[in-house]
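Enquirer: I have a structure I would like to understand better, so I am pasting it below and will then ask my questions one at a time.
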Amino acid sequence: MTRTFRAKIALPAVMLAMVTILAACSSSAAPSTTSTASNATTSGIETPPKVSLSETGSTLLYPLWNIWAPAYNQTYPQVSITTAGTGSGTGISDASNGTVDIGSSDAYLSSSQVQAHPTLLNIPLAISVQVIAYNVPGVTAHLKLSGSLLSSIYQGKVTEWNDPAIAALNPGTTLPSIPIVTLHRSDGSGDTFIFSQYLSKADPSGWGTKVSFGTTVPWPAAPGALGENGNGGMVSGCKATVGCIAYVGISFLSQLLGDGLTYGQLQNGQGNYELPTSTAVAAEAAYFAPKTPANGTISMIYGPVAGGYPIINYEYAIVDSTQQSSPTAKAIRSLLEWSVDPNKGNSAQYLSQVSFQPLPATVVAQSSKQIAKIQ
Amino acid sequence: MTIQSSSYPDTRRRRITEVLFRFATMVALVLVLAPALWLILGVIFRAVPHWKWSVITTPTQGTSGGLENAILGTLLLMAGVLIIAGSAGVLAGIHLAELARPRRSGKSSGSFLRTASEVLSGFPSIVLGYVGYVALVVGLHWGFSLLPALLILSMMVIPYIAKSTESALRQVPTNYREGAEALGMSTGYALRKVMLKSALPGIVTGLLLALAIAGGETAPLLYTAGWTNNLPSASLVHHPVAYLTYPVWTFYNQPSSEAHYLSYDAALLLMVLVLVLLVASRIIVARTQRHSEGRRG
Amino acid sequence: MAIVAGSTGLPASPPASGVHPIRRSSLAWRIGGAIRANEEQAWRWSARVASLIPLGALAFVLTVLAVKAWPAIKVNGVGFLTSSSWKPGNTYGATVHTDGVAHPLGASYGAWPMIAGTLQTSAIAVALAVPISIGAAFALTERLPRWLSQPLGFAIEVLAGIPSVIIGLWGVLTLGPFLSKHVYPIVADQMPDVPVLRYFRNPTGHGEGLLTSGIVLALMIVPIIASTTRDLFLQVPPLPKEGAEALGMTDAEVARRVTVPWVRAGIIGATVLGLGRALGETIAVAMISGSILGSVAPNIYGTMTTIAATIVTQLDSAATDGTGFATATLAEAGLLLAVISVVVNLIARGIVVRTSRLGAPVGRA
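Chains as they are written, first to last, in numbering that gives the first Met the number 0: chain A, 0 to 374; chain B, 0 to 296; chain C, 0 to 364.
Here it is in structure tokens:
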């Protein structure tokens, strides 16, 4: 054999051999030590078999999944969880296509989706919050922003930071005369969904009729508007763009504060301006908790709560109730049961890292009932 | 071949044009090389300061950890493409160069197939990825996995392999063919023992180029291979595969600096991989040309 | 190496080892003989099947696209090519039916901004890449000594292999901010308010947009065009060039009147190859274009999108439209891009085949 012939055979053979050896080595070295103890808790979390689960979807929930997955694996190392932050739209699509086990979404399923895929469930996992961040040099205060003002900004009617409409709500704050650059999500996004719902409810005749709400909306042409990918893109884009305004999930709060951005006080359904403190969020959630139906589908935006923060939502796990394999179904149930358990996933230890709120007790029970349907 | 005109142009306009031309060509060369150098150095300077060798031995966990799953996944995809597209492409190239019967009109045969091949090579990769998603991942219920990724990647690179195989075979001197036929060799035997051996450098170059293209693709893999934290398994369907271009595409936008470092590390690894493949092809070509006749001086 | 007479592969005379081949296991000998006898047919048949694969793949892809896009084609009609709206409709509202196709109320898709964006970025890329590539190829073949031009030529070939996602990443992190801070403001401030140059005036944006996308695409296609052009220039025979020099022509004139016309078809072919890549480039443009779906860029720095970038950013979430209409529309956009790419490719082949070497006899004498 000539040397080049050897090269032609040897190169792919070596690559193939390397790959199989490494794959075999690592799979045989998988942790199998502590899987015997069947941690049967009183809260009824099932012990899962050895499977791989895939999760994708909301970038708002993504940081929490990256905290939950290793924590879950400490008790149940036999489940290997892959997470991804691709946008709520993808979470819903992939869950309905069956290409992912758990889809995460800030938006509940629409009636046409339910019609197309009747076995899909949207299961509330936690309560999250959205903030409106901005990058205005010299302004560190939490500006008061109303829904109709935001609607005008995103429609391109208010184009400068020192516009009288903004100054009227914030007397005493000097606003520079720089142009406003509106950032919106270019991917199908639950953040877009809850933000556009807020604008639709606060400005029903304007935004509500012209644009309405959804995971993608036809954004009006505001001057200099930018589309960004994911919550991470919104934060990095806003940091790089002076004069920007962006809607960002609260799980990215420490990042946006670290990048020198700040967020505003939003006007709620009673006309008061509130910051996204845990009291304000809890007040809003308390109003909607008893109204939450068994399937979890409810909008918690712009409630008539005097001290409530107006943009809060349930984070949903979109799961098909009819799974192809029952070991996978059992693993999904186990993971979701762990997540909504107030002593496990829904405890302050994890949720406080992303500034989320735990589910109210009635909703925990409803979610558990939905989880039990996954077979 | 350096042509340096030594005549002195007799009009001022021609002299100025000549000087501008010489200057412009050097500027153009700098414009080609400088941004690329800036890019490569930029990636190196972002990746190297935070480089940890554990990146190669740890799989990804969320947006942190390492890239072992992605590295092995990319290598596995390349190996699969080599097998599938390599064999199909080389055979297609052999057909176009050797075995297609010449038409009666005297025109080169197989031009329709060649056209189709070139059209396929220019096809937008996202559209191929979409078709793979719709028809294979969702339609056939394979899910994000190795097989749809390999099929789509192979579709993309078979034209390159076929073209380089064909041109390599066409460059084998006709003497060899005539000699083989005079000795009564069957076509297959002649191919194996004579033609392919002399065309090997060109074929190998095409194969390595195809591997470099496959390893650097993102859009089709987003919709066929998916993503996973797990190391690649032997299963062809239902198990997603990781690949190095994914962290570059998604992690740079994440808020944590760990994610950014992984993104740059993946970019660095990809560039090293491409460089190794292309340098290897050059070495193979240079070594075989040392032994063959008729090499370029 | 044994010389073989006849197609069965039997040596004509006993081999030096002294073992007569017929004394090997006759079953193995018979199987071997059968394989060798059919070897030619096996080669021919498998090679023919393999050469049909690209054709089959092309047909498969176009069929899948057409089938998935058909509902959207029916409803969107010709307006798809001219309208500028990208309205998914009220996906959380009622579903209505047009022409028998279900879609959300208010859904109306127009691809004109995407088409414009695709054509504009590709035009900028080709306009920048072709002169630079030809100039660089001249520098490589005629101005630099061999010991420098060979490694530089190899370096350019390596550049062609850099994955586009890395170039996009660099564009977003380094090039875009640099251009928007240091280059665009200077250019924009100098531009007078006259018809064509008006397009280059302020506002200059933040680095993501049309011009930056065009520059990044040019960066991607320059290696392809430059290395092909360099190979072509190396094949121009020295005699015509020396003759021109003997007549007193300067380098510039030799280049313009002898070298370039000699390889014009090849340069055009390489350019169209680069154009094809620019049209279909997805990832880098998605990162650097600003992703604005509903409008054409107002000036050369403005944010826009291309067909390929739109598909990659919208595809994942298109299935949230439970009626499937959004997915079908994206399939229609993909089909449009495929058709544009195929047409461009066929035009290129038409130009190149006229003077190509494919019609020449196989092999060298």
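Every residue gets a Cβ at the ideal spot worked out from N, C-alpha and C, and that includes glycine.
Per DSSP, what kind of secondary structure is residue 148 of chain A in: helix, strand or coil?
Expert: Locating residue 148 of chain A in the first sequence gives position 149, where the first residue counts as 1. Residue 148 of chain A: helix per DSSP, three-state reduction.
Enquirer: So within the stretch 291-356 of chain A, which uninterrupted alpha helix (DSSP H) runs reach at least 4 residues, ignoring any that extend past its ends?
Expert: Entirely contained in the stretch 291-356 of chain A, the alpha helix (DSSP H) runs reaching 4 residues are, in chain order, 325-339, 347-350.
Enquirer: Tell me, to the nearest whole angstrom, how far the beta carbon of residue 64 of chain C is from that of residue 308 of chain C; I am working on the premise that it is less than 8 angstroms.
Expert: Locating residue 64 of chain C in the third sequence gives position 65, where the first residue counts as 1. Locating residue 308 of chain C in the third sequence gives position 309, where the first residue counts as 1. So it is not a contact: roughly 18 angstroms between Cβ atoms.
Enquirer: In chain A, which residues lie with their C-beta within 8 angstroms of the C-beta of residue 188 of chain C?
Expert: One-based indexing of the third sequence puts residue 188 of chain C at position 189. Going along chain A, no residue has its Cβ under 8 angstroms from residue 188 of chain C, so there is no contact; the nearest lies around 17 angstroms.
Enquirer: Mind listing which residues of the stretch 128-144 of chain B have their C-beta closer than 9 angstroms to chain A's C-betas, in chain order?
Expert: Answer set for the stretch 128-144 of chain B: 132, 136, 137, 140, 142, 143.
Enquirer: Measuring alpha carbon to alpha carbon, tell me which of B:259, B:241, B:71 ends up nearest residue 45 of chain B.
Expert: Taking the first residue of the second sequence as 1, we reach residue 45 of chain B at position 46. Among B:259, B:241, B:71, the Cα nearest to that of residue 45 of chain B belongs to B:259.
Enquirer: Is there a C-beta anywhere in chain C that falls below 8 angstroms from the one on residue 122 of chain A?
Expert: Within the first sequence, the letter at position 123 stands for residue 122 of chain A. So no, residue 122 of chain A is outside the interface.
Enquirer: In this structure, how does DSSP classify residue 53 of chain B when only helix, strand and coil are distinguished?
Expert: Locating residue 53 of chain B in the second sequence gives position 54, where the first residue counts as 1. Helix.
Enquirer: What residue range does the alpha helix (DSSP H) around residue 73 of chain A cover?
Expert: Translated into the one-based positions of the first sequence, residue 73 of chain A becomes position 74. Looking at the DSSP string, the run of the alpha helix (DSSP H) that includes residue 73 of chain A is 61-74.
Enquirer: Taking Cβ positions only, does residue 98 of chain C come closer than 8 angstroms to chain B?
Expert: Taking the third sequence and counting its residues from 1, one reaches residue 98 of chain C at position 99. Taking Cβ atoms only, chain B never reaches closer than 8 angstroms to residue 98 of chain C, which makes this a no.
Enquirer: In angstroms, rounded to a whole number, what distance separates the CA positions of residue 366 of chain C and residue 106 of chain A?
Expert: As displayed, chain C neither begins before 0 nor continues past 364, which places residue 366 of chain C out of reach and without an answer.
Enquirer: How about residue 266 of chain A and residue 274 of chain A: do their beta carbons lie closer than 8 angstroms?
Expert: As a working note, residue 266 of chain A is residue 267 in the first sequence. As a working note, residue 274 of chain A is residue 275 in the first sequence. In this structure, residue 274 of chain A does not lie closer than 8 angstroms to residue 266 of chain A by Cβ.
Enquirer: Quick check on residue 350 of chain C - is its C-beta less than 8 angstroms from some C-beta in chain B?
Expert: On the third sequence, residue 350 of chain C is found 351 positions in, with the first residue counted as 1. Closer than 8 angstroms: no.
Enquirer: Can you name the start and end residues of the beta strand (DSSP E) that residue 54 of chain A belongs to?
Expert: For this step, residue 54 of chain A is matched to residue 55 along the first sequence. Taken as a continuous stretch (DSSP letters only), the beta strand (DSSP E) holding residue 54 of chain A covers 51-56.
Enquirer: Assess, as a yes-or-no matter, whether the stretch 215-234 of chain A is touched by the stretch 223-232 of chain B under the definition of 3 or more beta carbon pairs within less than 8 angstroms.
Expert: No contact exists between the stretch 223-232 of chain B and the stretch 215-234 of chain A.
Enquirer: Drop a sphere of 10 angstroms on the beta-carbon of residue 79 of chain C, count the other beta-carbons inside from all chains shown, and report buried for 16 or more, exposed for fewer.
Expert: Taking the third sequence and counting its residues from 1, the one referred to as residue 79 of chain C is at position 80. Its Cβ being crowded by 16 or more others within 10 Å, residue 79 of chain C is buried.
Enquirer: Where are the alpha helix (DSSP H) runs, 4 residues long or more, that stay fully inside the stretch 102-174 of chain C, in chain order?
Expert: Here the runs fully enclosed are 111-137, 145-159, 163-169.
Enquirer: Closer than 7 angstroms, Cβ to any Cβ of chain A: which residues of the stretch 75-102 of chain C, in chain order?
Expert: For the stretch 75-102 of chain C, which is checked against every Cβ of chain A, the residues closer than 7 angstroms are 84, 85, 86, 87, 89, 90, 91, 94.
Enquirer: Looking at the unbroken alpha helix (DSSP H) that takes in residue 79 of chain A, where does it start and where does it end?
Expert: Taking the first sequence and counting its residues from 1, the one referred to as residue 79 of chain A is at position 80. Taken as a continuous stretch (DSSP letters only), residue 79 of chain A belongs to no alpha helix (DSSP H), being part of the beta strand (DSSP E) at 79-81.
Enquirer: From residue 267 of chain B to residue 195 of chain B, what distance separates their C-alpha atoms?
Expert: Translated into positions along the second sequence, residue 267 of chain B becomes position 268. Translated into positions along the second sequence, residue 195 of chain B becomes position 196. Their backbone Cα atoms lie some 35 angstroms apart in a straight line.
Enquirer: Given 8 angstroms as the limit, is there contact between the stretch 68-85 of chain B and the stretch 229-238 of chain C, that is, 3 or more CB pairs closer than that?
Expert: In short, these stretches do not touch, since the Cβ pair count stays below three.
Enquirer: Around the C-beta of residue 120 of chain B, are 16 or more other C-beta atoms found within 10 angstroms, so that it is buried, or is it exposed?
Expert: On the second sequence, position 121 is the one that residue 120 of chain B refers to. Residue 120 of chain B should be labelled buried.
Enquirer: Whole angstroms is fine: what's the gap from residue 97 of chain C's alpha carbon to residue 371 of chain A's?
Expert: As a first step, residue 97 of chain C must be located in the third sequence, where it is residue number 98. As a first step, residue 371 of chain A must be located in the first sequence, where it is residue number 372. So the two alpha carbons sit approximately 40 angstroms from each other.
Enquirer: Going by CA-CA distance only, name the one from A:108, A:119, A:197 that's closest to residue 100 of chain A.
Expert: Stepping through the first sequence from its first residue, residue 100 of chain A is reached at position 101. Checking every option, the nearest Cα to that of residue 100 of chain A belongs to A:119.
Enquirer: Rounded to whole angstroms, what's the CA-CA distance from residue 225 of chain C to residue 271 of chain C? Just pull it up for me.
Expert: The count along the third sequence starts at 1 and reaches residue 225 of chain C at position 226. The count along the third sequence starts at 1 and reaches residue 271 of chain C at position 272. Looking at the two C-alpha atoms, the distance is approximately 13 angstroms.
Enquirer: Classify residue 126 of chain A as helix, strand or coil using the three-state DSSP reduction.
Expert: Position 127 of the first sequence, counting from 1, holds the residue named residue 126 of chain A. Looking at residue 126 of chain A - three-state DSSP - the assignment turns out to be strand.
Enquirer: Show which residues of chain A have a CB atom less than 7 angstroms away from the CB atom of residue 62 of chain B.
Expert: Translated into positions along the second sequence, residue 62 of chain B becomes position 63. Chain A residues near residue 62 of chain B: 65.
Enquirer: Taking only the alpha-carbon atoms, compute the straight-line gap between residue 121 of chain A and residue 355 of chain A and give it to the nearest angstrom.
Expert: Against the first sequence, residue 121 of chain A aligns to sequence position 122. Against the first sequence, residue 355 of chain A aligns to sequence position 356. So the two alpha carbons sit approximately 18 angstroms from each other.
Enquirer: Evaluate residue 141 of chain C with the Cβ neighbour count: other Cβ atoms within 10 Å of its Cβ, from every protein chain shown; 16 or more gives buried, anything less gives exposed.
Expert: Counting from 1 along the third sequence, the entry for residue 141 of chain C is found at position 142. Residue 141 of chain C comes out buried.
Enquirer: Thinking C-beta only, is residue 72 of chain B closer than 8 angstroms to residue 231 of chain B?
Expert: Taking the first residue of the second sequence as position 1, residue 231 of chain B is located at position 232. Taking the first residue of the second sequence as position 1, residue 72 of chain B is located at position 73. Result yes, Cβ atoms of residue 231 of chain B and residue 72 of chain B sit closer than 8 angstroms.
Enquirer: With a cut-off of 8 angstroms, does the C-beta of residue 332 of chain C fall near any C-beta of chain A?
Expert: Along the third sequence, one-based indexing puts residue 332 of chain C at 333. Answer no: the Cβ-Cβ gap between residue 332 of chain C and chain A never drops below 8 angstroms.
Enquirer: Using only the alpha-carbon positions, how far apart do residue 334 of chain C and residue 191 of chain B sit?
Expert: Position 335 of the third sequence holds residue 334 of chain C. Position 192 of the second sequence holds residue 191 of chain B. For residue 334 of chain C and residue 191 of chain B, the distance between alpha carbons rounds to 41 angstroms.
Enquirer: For a test of the three-state rule: what should DSSP assign to residue 63 of chain B, helix, strand or coil?
Expert: Reading the second sequence from its first residue, position 64 is the one you call residue 63 of chain B. Here residue 63 of chain B sits in strand by DSSP.
Enquirer: Sorted by chain position, which residues of the same chain lie with C-beta nearer than 7 angstroms to residue 181 of chain A's C-beta, five sequence neighbours on each side aside?
Expert: Position 182 of the first sequence holds residue 181 of chain A. Excluding positions up to five away in sequence, the list reads 152, 153, 221, 224, 244.
Enquirer: Please state whether DSSP places residue 303 of chain C in a helix, a strand or coil.
Expert: Looking up residue 303 of chain C in the third sequence gives position 304. It is a strand residue.
Enquirer: Below 8 angstroms, how does it come out for the stretch 282-296 of chain C and the stretch 67-85 of chain C: are there three or more Cβ pairs, yes or no?
Expert: Yes: at least three Cβ pairs fall under 8 angstroms.
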